[in-house]
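*Asks:*
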Amino acid sequence: MARPKKRFQQLIEEIDRTPWGPAEQALVSEAVALAVEIGDERLEYEARMRQTASANMGGATDVMLNSFAWCLAHHEADPQRFPADLDNGGADLMWQFKWMAASLRSSPAFSQDQIAAVLDDMEKHYRAGGLGLSGVLTARFEDAWDAGRMDEAETLRVQLEATPRDDHSHCDACGRSQIAGFFADTDRDAEAIVLVEEMIEGGFSCGEEPEHALSRVLLPYLRAGRFDEAKTAHLRSYRLAKDNPDNLRIVANNIVFAALTGNEARALALVEKHIAWLAHDGLNVDAHFAALAALAVALDRVTAAGHGDTPVRGADSPALVPFFGEHEGRWSAAELAASAWTAADRIATAFDERDGTDGHARSLGRMRALSDEQYDVPIRSDAFVAPAPSTAPVDADGWFERAMQLAQFGAEHETLDALPRALEVEDPYKRAQLLSMRLGILIALERADEALELLPQRIAALRAAGRDEQADLEERLGLATFGIDTPEATADLEDAIADAASLPAWSRGDLALSRAALHLQAGEADAALDLAELAARSFAEAEDTRLANTTTLVAISAVLRKGDMEAATALLDRFLSQDDLSTGHRAQALQTRARVRGGGNSYAEGAADADEVCRLLAELGATRALGDAHLLAGALWEDADEPEKAVSRYRLAARLAGESEGDSTGVDFRLARVMLRAGDAEEAAELFGDVLQREEEAEVAAGSRAMTASMLARSLSAAGEFGQAVGAHSYASELFGQAEEHADQAMSMTEQAKILARFDEHDDAIELLESAAETVRRAPEAVGALSEVLHSLGQAYGGRGDERAFALFDEVAALAQQHEAEWLLADVTDSRGRALAELGRIDEAVAAALTAADGFAALGDLGSAGGSELFAARVLAGNDRAADAVPLYRSAIDHAADHPPLLQVAALELGNVLESLGRHGEAAEVRALVQS
1251 MARPKKRFQQ
1261 LIEEIDRTPW
1271 GPAEQALVSE
1281 AVALAVEIGD
1291 ERLEYEARMR
1301 QTASANMGGA
1311 TDVMLNSFAW
1321 CLAHHEADPQ
1331 RFPADLDNGG
1341 ADLMWQFKWM
1351 AASLRSSPAF
1361 SQDQIAAVLD
1371 DMEKHYRAGG
1381 LGLSGVLTAR
1391 FEDAWDAGRM
1401 DEAETLRVQL
1411 EATPRDDHSH
1421 CDACGRSQIA
1431 GFFADTDRDA
1441 EAIVLVEEMI
1451 EGGFSCGEEP
1461 EHALSRVLLP
1471 YLRAGRFDEA
1481 KTAHLRSYRL
1491 AKDNPDNLRI
1501 VANNIVFAAL
1511 TGNEARALAL
1521 VEKHIAWLAH
1531 DGLNVDAHFA
1541 ALAALAVALD
1551 RVTAAGHGDT
1561 PVRGADSPAL
1571 VPFFGEHEGR
1581 WSAAELAASA
1591 WTAADRIATA
1601 FDERDGTDGH
1611 ARSLGRMRAL
1621 SDEQYDVPIR
1631 SDAFVAPAPS
1641 TAPVDADGWF
1651 ERAMQLAQFG
1661 AEHETLDALP
1671 RALEVEDPYK
1681 RAQLLSMRLG
1691 ILIALERADE
1701 ALELLPQRIA
1711 ALRAAGRDEQ
1721 ADLEERLGLA
1731 TFGIDTPEAT
1741 ADLEDAIADA
1751 ASLPAWSRGD
1761 LALSRAALHL
1771 QAGEADAALD
1781 LAELAARSFA
1791 EAEDTRLANT
1801 TTLVAISAVL
1811 RKGDMEAATA
1821 LLDRFLSQDD
1831 LSTGHRAQAL
1841 QTRARVRGGG
1851 NSYAEGAADA
1861 DEVCRLLAEL
1871 GATRALGDAH
1881 LLAGALWEDA
1891 DEPEKAVSRY
1901 RLAARLAGES
1911 EGDSTGVDFR
1921 LARVMLRAGD
1931 AEEAAELFGD
1941 VLQREEEAEV
1951 AAGSRAMTAS
1961 MLARSLSAAG
1971 EFGQAVGAHS
1981 YASELFGQAE
1991 EHADQAMSMT
2001 EQAKILARFD
2011 EHDDAIELLE
2021 SAAETVRRAP
2031 EAVGALSEVL
2041 HSLGQAYGGR
2051 GDERAFALFD
2061 EVAALAQQHE
2071 AEWLLADVTD
2081 SRGRALAELG
2091 RIDEAVAAAL
2101 TAADGFAALG
2111 DLGSAGGSEL
2121 FAARVLAGND
2131 RAADAVPLYR
2141 SAIDHAADHP
2151 PLLQVAALEL
2161 GNVLESLGRH
2171 GEAAEVRALV
2181 QS
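Here my numbering is used: the first residue of the sequence shown is 1251, the next is one more, and so on.
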């Protein structure tokens, strides 16, 4: 049995160093199974003690209760062999007792007598073990509060506060969070906020903290009018809680926040994302109650915002039938809100009958009363799609026009959706046109077999319309005129064009246009243009404006393929000035011009075109194409350096992708990126985290995941979440390494090191920078990364007076000179001056700083020039050369005219220096400059 026992020990060691989550849970399950297989109850005890803790963190209440009962029975039978504390740093058996009463209380299936028995048993074990009673009082307080016995709960809270803390007291984070929640529940909002802010300022954290505490003061913050703090708390709480189904109650609090703050679209998105969590832990019914009430509040707000008919994705899962009941089709927001209230009321009744109170009924009443509260705290992560301004066609002729417009834009899927109703039209020639569209789309979607089966219907419709010559032609050519690209079809087209003189003009145009399209697909732009001209003349002769305009668009595509942007732009402008364009053709031409303008760096003009495309497609009900158009508009506004406008377009593109059950990951990445540019760092971090999670699940290539992790790290840094940012940078570095993208790997390591240095972890920062320098040298062609990493390492060395800094500065300066990077040369010269000052080489330090200032000034960067001069002045003033420092301070002030913070600092310091020199009048003048 030596080998299984060795494996068991390996599992235990791995469990103890693995974070809570699915991977850790799998290890625990394996350890328990292996211990049972070995037949060693002592090993099984070690595994089950860990299983109890794991199940508590993962929301597996049934597993937790069974595991704890097994461990407690064995401990009571033989305390020596099965000690209460395994000394592994985890919760001991007496600590786990606190979870048991709470777990029984969370389901009305357990009676009040059973809960009381557990509490009494817990106190008996604590007293027998000589333990303090803080943990017991905490459990009794929770029981009274959850049951709605509020006077008793308040008495126990006061008693708990007066009881000395011990090893089984709640930690600083959990204790504050719990009491803050009680205060919020009893209308003591200000006291709740104080406790949570103490917790945040003290840096206290635990398994579900600070996210739970932050969620508990969301409403108190709103009611106090502290909207910025409320928004920050919401974004941080949700970001920390969103990946663990056991955090259902925390997420519920955040859903309510979104609903009450005018973020109904976000509230709906959170409901859709987390509604499946209701089925995660069947015994945690109290969390179900909280979540159902939150869902009801949120969906009522969605309905009030005019979106009650919006389907709620995920609500039709069979696992949710016990909550909402059977339902035909997808649940709308309004329908689900009503069902959620009913389910919450049913659960509240069960709890109150068990507890003999009206505690849950009162809680539900408070949730209903939230309908009177409304706050304005914009969060821009989600948006509703505005209803299309047009109404659906009412008859077959209307659907014919709709299908034609959609096809003329190129909205293949929407055209296919419209065709069944359009084909009810009586006019045989209209039917023939519709069938032609379907054939072309089927070929484009590589469904040639279906097209071949459909072709006889098209031919029959042509004959019914009196178009026998065209019918004969298509009967002979098969699918050749519908875009099929085979050598045989191409040869047949060529032969037909050669013999087309006797055909009607429309048929000649059709042949020429079909062959032109194939030339265009093959990259043969000149040939495509020649045939497009022939087709245009033929359609003009046939007086078919629609196909004449289609041919013009093909010709424009050919000109673009040739790379003649000027000619294509002129053609597009002239085409768009026509008054005979259909909505579909106009939208297609505008979209093409938007791309052309974007390619020519006219981003704002291109974005305006793309916005107009969105408006036209909304009229046509082209949902999938509309999403792509919003994506194009967002990209162009982003390139135009208009992040605010880009955010709104990307949000709509993401929502449309989600509603069509498409993959919105790429859109969400763009949205998060532009949110970061717009200053919405917290929202960006949340969205980048979601994108990364989806990429992990889809097993996306390491390099792509690395880029997302890197952007997540940048967002976290901008949001002030530096601890998490370090972890994200570390993960990005690991992924870049897997992808062998050494320059990016080194940059991630460098950013991580900068954060460590910011918090005085200089040894770790330098070690990381040294590794980054080794890594980046494996990508010498990445000059930007190479210079950044070496410069950063040089600065770190220089800050410690380490002579190794200068060789690195020399290398960076050489790179700057080689690549004519004058700003970098000035910057590294400034760094050299600062390193020299650390070594006490004053004259050299000042000379280097002034050289850097001259370099910055020559490039027009007067702020950086003033910064270098200020540093030089400080060096002189700090080394008993105050008089020499004065002109440098004055020069820094001159350069700081457009940089108020620099101006203020330089002027104040110069005033002090002049005062020390006895030049009081000058000092007063300088200080007056600051005051002005």
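The beta-carbon is built from N, C-alpha and C at its ideal position, and this holds for glycine as well.
May I ask which residues mark the beginning and end of the alpha helix (DSSP H) holding E2053?
*Replies:* Taken as a continuous stretch (DSSP letters only), E2053 belongs to no alpha helix (DSSP H), as it is neither H nor E.
*Asks:* Distance check for L1354 and H1245, CA to CA, integer angstroms please.
*Replies:* Outside the displayed span of the chain (1251 to 2182) sits residue 1245, for which this structure offers no information.
*Asks:* Determine whether the beta carbon atoms of R1765 and L1743 lie at a separation below 8 Å.
*Replies:* It is a contact, given that the beta carbons lie within the stated cut-off.
*Asks:* What is the DSSP secondary structure of K1256, counted as helix, strand or coil?
*Replies:* Correct three-state label for K1256: helix.
*Asks:* Go ahead and pull the three-state DSSP assignment for M1251.
*Replies:* Low local confidence applies: a pLDDT of 44 at M1251 is under 50, so the model's placement there is unreliable, with the coordinate-based value given in what follows. Here M1251 sits in coil by DSSP.
*Asks:* Among S1960, G1987, A1593, F1986, which has the Cα closest to the Cα of V1976?
*Replies:* The shortest C-alpha separation from V1976 is found at S1960.
*Asks:* Are there 16 or more other CB atoms within 10 angstroms of the CB of E1459, so buried, or fewer, so exposed?
*Replies:* Classification of E1459: buried, given that the 10 Å Cβ count is 16 or more.
*Asks:* Straight-line CA distance for P1333 to F1347?
*Replies:* Whole-angstrom Cα-Cα distance: 14 Å.
*Asks:* Where does E1263 land, buried or exposed, given buried means 16+ other C-beta within 10 angstroms?
*Replies:* Classification of E1263: exposed, given that the 10 Å Cβ count is below 16.
*Asks:* Would you say A1682 and W1649 are within 8 Å of each other, going by their C-beta atoms?
*Replies:* Not a contact, by the Cβ cut-off of 8 Å.
*Asks:* Quick check: what's the CA-CA separation for A1934 versus H1663?
*Replies:* Cα to Cα, A1934 sits roughly 32 Å from H1663.
*Asks:* Since L2074 is in the alpha helix (DSSP H), which residue starts that stretch and which ends it?
*Replies:* Looking at the DSSP string, the run of the alpha helix (DSSP H) that includes L2074 is 2072-2088.
*Asks:* Between the beta-carbon of L1261 and the beta-carbon of L1284, is there less than 8 Å?
*Replies:* Cβ atoms of L1261 and L1284: closer than 8 Å.
*Asks:* Please list, in chain order, all residues of the same chain as A1252 whose beta carbon is under 6 Å from its beta carbon, the five residues on each side excluded.
*Replies:* Unreliable placement is indicated for A1252, whose pLDDT of 49 sits below 50; the coordinate value is still reported in the next sentence. Closer than 6 Å at the Cβ level, and outside the excluded window around A1252, lies no residue.
*Asks:* Would you identify the three-state DSSP class for S2118, choosing helix, strand or coil?
*Replies:* Note: S2118 maps to helix in three-state DSSP.
*Asks:* Short of 7 Å in beta carbon distance, which residues of its chain neighbour A1483, apart from the five on each side in sequence? Order them along the chain.
*Replies:* Correct list, in chain order: L1464, V1467, L1468, Y1471.
*Asks:* Contact check, W1395 vs F1432 under 8 Å by CB: the rounded distance?
*Replies:* That pair is a contact at about 6 Å.
*Asks:* Could you check the C-alpha separation between E1404 and F1391 for me, to the nearest Å?
*Replies:* Approximately 8 Å, taken between the alpha carbons.
*Asks:* Which value, in whole angstroms, describes the spacing of the CA atoms of D2130 and M1999?
*Replies:* Looking at the two C-alpha atoms, the distance is approximately 40 Å.
*Asks:* Mapping the DSSP letters down to three states, classify S1582 as helix, strand or coil.
*Replies:* Residue state, collapsed to three classes: strand.
*Asks:* If you follow the alpha helix (DSSP H) that A1969 is part of, which residue opens it and which one closes it?
*Replies:* A1969 -> no alpha helix (DSSP H), and no H or E assigned at all.
*Asks:* Could you compute how far the alpha carbon of W1756 sits from the alpha carbon of A1657?
*Replies:* In a straight line, the C-alpha of W1756 is about 19 Å away from that of A1657.
*Asks:* Would you kindly work out how many angstroms separate the C-alpha atoms of G1309 and E1855, rounded to a whole number?
*Replies:* G1309 and E1855: Cα-Cα distance of roughly 53 Å.
*Asks:* Any idea if Q2045 is buried or exposed, counting beta-carbon neighbours within 10 angstroms, 16 or more meaning buried?
*Replies:* So Q2045 ends up on the buried side.
*Asks:* By alpha-carbon positions, which one of A2097, Y1981, R1927 ends up nearest to E1946?
*Replies:* When each option's Cα is compared against that of E1946, the closest is Y1981.
*Asks:* So what does DSSP say about C1421, is it helix, strand or coil?
*Replies:* If DSSP states are grouped into helix, strand and coil, C1421 belongs with coil.
*Asks:* Could you spell out where the alpha helix (DSSP H) holding G2171 opens and where it closes?
*Replies:* Per DSSP, G2171 belongs to the alpha helix (DSSP H) from 2170-2181.
*Asks:* Go through its chain and collect everything with a Cβ distance to G1733's Cβ below 8 Å, but skip five positions before and after it.
*Replies:* Excluding positions up to five away in sequence, the list reads G1690, I1693, A1694, S1764, A1767, L1768.
*Asks:* Cα separation between H1418 and V1386?
*Replies:* Answer to the nearest angstrom: the Cα atoms are 9 Å apart.
*Asks:* Helix, strand or coil for P2137 per DSSP?
*Replies:* Three-state DSSP puts P2137 in a helix.
*Asks:* What residues match up with C1456 in a beta bridge as DSSP calls it?
*Replies:* E1459, per the DSSP bridge assignment.
*Asks:* Please go through the same chain and pick out, in chain order, the residues whose beta-carbon is closer than 8 Å to the beta-carbon of R2027, but skip the five residues on each side of it.
*Replies:* Correct list, in chain order: L2036.
*Asks:* Buried or exposed: where does N1851 fall if 16 or more other Cβ atoms within 10 Å of its Cβ makes it buried?
*Replies:* The residue is exposed, with fewer than 16 neighbouring Cβ atoms inside 10 Å.
*Asks:* Distance check for A1440 and G1884, CA to CA, integer angstroms please.
*Replies:* Rounded to the nearest angstrom, the two C-alpha atoms are 42 Å apart.
*Asks:* Using the Cα positions of D1814 and R1824, report the straight-line distance between them to the nearest angstrom.
*Replies:* In a straight line, the C-alpha of D1814 is about 16 Å away from that of R1824.
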